[in-house]
Every structure is written in structure tokens, then in C-alpha cells.
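Numbering (the numbering used here), first residue to last: 3 to 324. Inspection log for the structure reproduced underneath, given as C-alpha cells.
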């Protein structure tokens, strides 16, 4: 009875509590249906299980109990590094190839509803595409045609993923792993190629060295011959100048002797000397010439009068003795 009286006495409090509870519940519901979409995201909103709209960047309020944010889709470029796939080349060589796929979402709705698991779908599609491409190439072409493989895979994957709202921007073959025996054979082949190039380079070096040595010897011989030629010419010129100087000196000596003789004869004639005196003077001059250090003696061309001259000299000596 006492409790009943208290309830009857506080109806406003009960109403306030109920309204407060309702307000708090409504606030919780409203807050739960306020969604914030980030800069690089898109929000897919469903109403009663079907697609309603796509939210962009900002704050959005959904209709409680009817709308729900089904998907948050990252619009940035995605990178998927898949496990190495076993492939067989055209020449029946089994190897493993590791690929990396770069893609981005262009249509959030198609990405959300086009395929169940986009990443897994791209992985399987990449594996099958890679097997088809490698099946048309042999081992050597596979190892040397990475750019061709990348471009073919990108085009095929881009066309296949377009209905899913995905654009494949780039595909890279990260690693090619041939079997161990193939790797050993390739290593032996590369080692043989390197040794071959080394031998070729050594041979080319020896050839160039021999050519340069031959050219050096040739130029050295030419220079020695030119130096010998120049030396011979200079020695010949020196000998010619020496001989010319000697002949010039001899001619000058003869000229001076003749000039002296002429001057002496002229002086004797001016003194009225007879022929005997002149002859004696001539032989005195001849004696002086013969007794000197000269290695050459010039004799008169007229030797027929030599006896008469000698008789004259003897007679003159006899006269002086008497």
C-alpha cells in the first residue's frame, strides 16, 4: 500500500525516465547510422538488401533499420603478389613464374557485385593467362621476353576484369625459376660464353699489340734511315766545305807566292840585276821552299835549263872560293 502510494505520487518521474530512455535509444540509433567515408574510400549502401547508392567522401546519415553500409571499397591502386605458378613452355620445359599485378577500382558498384572475391579472381585469371602465354614460347624466348609477357598479360587481364569495375594498370613477372638441371646447363653455357669472349678479347689484344709493335718498328726504322741519310748528307757537306777551304787556301798560297816572286823579280829588274843574279835568287827561293815544313814543292815547268842553272851556281861558287 505504501509502494502504491509512492507510484501514484510520482507519475512525472516515470514519464521522464521513459522519454529519456527513448531519446537515448534514438540517439544511439542515429549515431549508429552516421557513417564517415574517408578520402580514398567509397561506401556501398543497401536498402532492404538491394543496392541503393554509393557514398563519397564525407559524413552520411542512413535510414535506420532500412539502410546499411554493405561495403567500404578502397579506391587506391592495389598490389597483389601471387604465389609462383607452374607453367610449361612450348619446348616442354616446366618452370615456375612469380607475377605481381597492379590494379585499381574504377566502378565501386561493379566491384562490389561483379565478383565474389576480386583478389582471388584476379589470381586465378592471372595463372591461366600466364599458362596460355608461356605455352606459346620456348625456354629462351620466355627468359628474354619479360616485357612482351607483361604487356600481353596486362591487356588480357584488363579486358577480363572490366565487367568487375577493375582496371589492371600493370603486370610484372617478378621471377622465373627454371628446373635445377636447366639452371646448371644455363650456367655452363654462360661460363662457356664468358670463356669464349675472354679468349676472343685476348686474341684481339695480342693482335693489336703485334700490329702496334710492327708499326713501331717500321716507324723506328724509317726514322733511323732518315737520321742516317741526314747524317750522311751533313758529313758530305762538311767534307765538301773542308775540301773547298783547302783548295781555296792552296790557291791563295800559290797566288801569294807568285805575287811575291813577281814583286822580287820586279825589284831586281829595277836594280839592273843580271841574269846570273836572277837565277841565284830563284834557286835560293827554291832552296828555302825545299828546306821548309811544306809537304808540297812546286818545280818550274822549264826543266831544260836546270843544268845551265846548276853550272852557273857552280861557277859562281868557284869564283867566290878563289
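Cβ atoms here follow ideal geometry from the backbone N, Cα and C, with glycine treated the same way.
TODO: Starting from residue 82, follow its DSSP beta bridges and name the residues at the other end.
DONE: 103
TODO: Count the other C-beta atoms from every protein chain shown that fall within 10 angstroms of the C-beta of residue 17, then say buried if there are 16 or more, exposed otherwise.
DONE: Exposed, because fewer than 16 other Cβ atoms sit within 10 Å of the Cβ of residue 17.
Open item on the list: Between the alpha carbons of residue 19 and residue 71, how many angstroms are there, rounded?
Closed with: 32 Å
Task: Candidates 76, 166 and 160, of which the one nearest residue 59 by Cα - done: 76
Open item on the list: On the criterion of 16 or more Cβ atoms from any shown chain inside 10 Å, does residue 61 qualify as buried, or is it exposed?
Closed with: So residue 61 ends up on the exposed side.
Open item on the list: With three or more beta-carbon pairs closer than 8 Å as the criterion, would you say the region 97 to 116 touches the region 167 to 174?
Closed with: yes
Open item on the list: Tell me which residues share the same chain as residue 140 and place their Cβ nearer than 7 Å to its Cβ, disregarding the 5 neighbours each side in the sequence.
Closed with: Correct list, in chain order: 91, 92 and 93.
Task: Identified DSSP bridge partners for residue 43 - done: DSSP lists 76 as partners of residue 43.
- [ ] Determine the burial state of residue 296: buried for a count of at least 16 other Cβ atoms within 10 Å of its Cβ, exposed for fewer.
- [x] Note on residue 296: pLDDT 48, under 50, position unreliable in the model; the coordinate value appears next. When all chains shown are included, residue 296 counts as exposed.
TODO: Look up residue 332 in the DSSP assignment and give the residues it is bridged to.
DONE: There is simply no residue 332 to check, as the chain begins at 3 and stops at 324 in what is shown.
Open item on the list: Going by beta-carbon coordinates alone, are residue 163 and residue 127 separated by less than 9 Å?
Closed with: yes
Task: DSSP-derived helix/strand/coil call for residue 59 - done: In this structure, residue 59 counts as coil in the three-state DSSP scheme.
Open item on the list: Mapping the DSSP letters down to three states, classify residue 223 as helix, strand or coil.
Closed with: Here residue 223 sits in helix by DSSP.
Task: Uninterrupted alpha helix (DSSP H) stretches inside the region 238 to 264 (no shorter than 4 residues) - done: none
Task: Separation of residue 246 from residue 303, as counted between CA atoms - done: No answer about residue 303 holds up, because its pLDDT of 47 lies below 50 and its placement is not dependable.
- [ ] On the DSSP bridge assignment, give the partners of residue 97 in chain order.
- [x] 89
Open item on the list: Can you tell me where the alpha helix (DSSP H) holding residue 134 begins and where it ends?
Closed with: 120 to 136
Open item on the list: Rounded to whole angstroms, what is the Cα-Cα separation between residue 44 and residue 69?
Closed with: Using only the alpha carbons, I get a separation of about 16 Å.
Task: Enclosing alpha helix (DSSP H) for residue 144 [first to last residue] - done: 141 to 146
Task: Euclidean distance between Cα positions of residue 28 and residue 41 - done: 29 Å
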